[in-house]
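This report concerns only the one structure given below.
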Amino acid sequence: MMAAQAVNVHSTSQMTDNLSRHEILQWINQCLDSNYGKIEELCTGTLVFKKVKFNTKLEHESINNFKVLQALFKKHGVDKEVPIEKLVKGKFQDNFEFVQWYKRFFDANYDGHPYDALAARGGEKLQGSGKAPSKLATGPPRASIPAARNVPAKQ
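Under the UniProt record's numbering, the sequence shown has 122 at position 122, and the numbering climbs by one with no breaks.
What follows is the structure, given as structure tokens:
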């Protein structure tokens with residue numbers, strides 16, 4: 001059985017509808033029941049998946065986490081190449097550009113299915129700086145992480 005194909009999206013830093021870093025962090029923290037305060041804290045690759053090592057401080061574990069993500073993207077027909085070597089360095093700009101793209105990807109693929117991020121991680125909390133922005137982002141709240149949509153497979 002072929003995996004459901006995701007809707008591909010493209011994003012650049014010049015797009016006018018990109019969210020600010022504070023809005024992105026609010027969205028991530030709300031969806032994932034996390035407490036990230038800086039974009040750079042996303043460099044571990046632990047945002048979404050059950051097959052990753054959470055709260056890692058080791059670069060090789062972060063690399064493995066992003067390889068899991070890349071494999072899932074490939075399985076679901078996502079064209080995005082994950083810039084693993086850049087992301088694991090923890091630099092703001094690289095992580096911010098990737099999470100901007102990921103937000104656009106989420107919005108294109110979100111099916112409305114409820115998602116309990118904490119339960120999906122087996123109750124493990126994600127470690128952030130605890131300095132997350134307190135102002136709520138505008139727009140409707142998000143309660144899910146994208147599940148693959150039932151989009152016809154590429155022929």
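The beta-carbon is built from N, C-alpha and C at its ideal position, and this holds for glycine as well.
In this structure, how does DSSP classify residue i when only helix, strand and coil are distinguished?
i	result
residue 230	Residue 230 cannot be examined here, being either before or after the span of the chain that is shown, 1 to 155.
residue 7	coil
residue 56	coil
residue 86	helix
residue 113	coil
residue 121	coil
residue 81	coil
residue 29	helix
Locate the alpha helix (DSSP H) running through residue i, then write down its first and last residues.
i	result
residue 17	Segment: none, residue 17 is in no alpha helix (DSSP H) and carries neither H nor E.
residue 62	59-75
residue 97	92-109
Excluding five sequence neighbours on each side, which residues of the same chain lie with their C-beta closer than 7 angstroms to the C-beta of residue i?
i	result
residue 78	6 and 8
residue 41	128 and 129
residue 21	39 and 96
residue 33	117 and 118
residue 54	46, 121, 124 and 126
Which same chain residues, not among the five before or five after residue i, have their C-beta less than 6 angstroms away from its C-beta?
i	result
residue 92	39 and 40
Can you give me the C-alpha to C-alpha distance between residue i and residue j, rounded to a whole angstrom?
i	j	result
residue 89	residue 45	11 angstroms
residue 139	residue 27	Unreliable positioning characterises residue 139 in this predicted model, as indicated by a pLDDT of 46, which lies under 50. A coordinate reading is not provided.
residue 73	residue 84	13 angstroms
residue 142	residue 108	Its pLDDT being 45, under 50, residue 142 is placed unreliably in this model, and the coordinates cannot settle the point.
residue 18	residue 119	30 angstroms
residue 58	residue 87	13 angstroms
residue 63	residue 126	17 angstroms
Cutting at 8 angstroms between CB atoms, please list the residues of its own chain near residue i, excluding the five before and the five after it.
i	result
residue 24	39, 96, 99, 100 and 103
residue 81	70
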